[in-house]
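Novice: Straight run, no breaks: the sequence shown in full-length UniProt numbering ends on number 56.
From the three backbone atoms N, C-alpha and C, an ideal C-beta is built for every residue, glycine too.
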Amino acid sequence: MTEPCENCGQETAHSVSIELRTESSKSENAEFSREPYRVAECRACGTESATRMNNA
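What follows is the structure, given as structure tokens:
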């Protein structure tokens, strides 16, 4: 998939995945604070960007 890369300054190929990420730093709340993120990694430079799906 191609999309703009802020680091490269152009449209480049990206690897895109969905990850569950923990947002709470407190261990007792960690299991309840997981949120889905869209993670895109530029195949040209390796820059990674993540967008919280609830905010997309």
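#1: Whole angstroms are fine: how far does the CA of residue 2 sit from the CA of residue 49?
#2: Have a look at residue 12 and residue 39 and give me their C-alpha separation to the nearest angstrom.
#3: For residue 31, does the three-state DSSP call read helix, strand or coil?
#4: Looking at the secondary structure, which residues open and close the beta strand (DSSP E) in which residue 52 lies?
#5: Measure the alpha-carbon distance for residue 36 versus residue 16 and round it to whole angstroms.
Specialist: Well, looking at it:
#1: 14 Å
#2: 15 Å
#3: helix
#4: 48-52
#5: 13 Å
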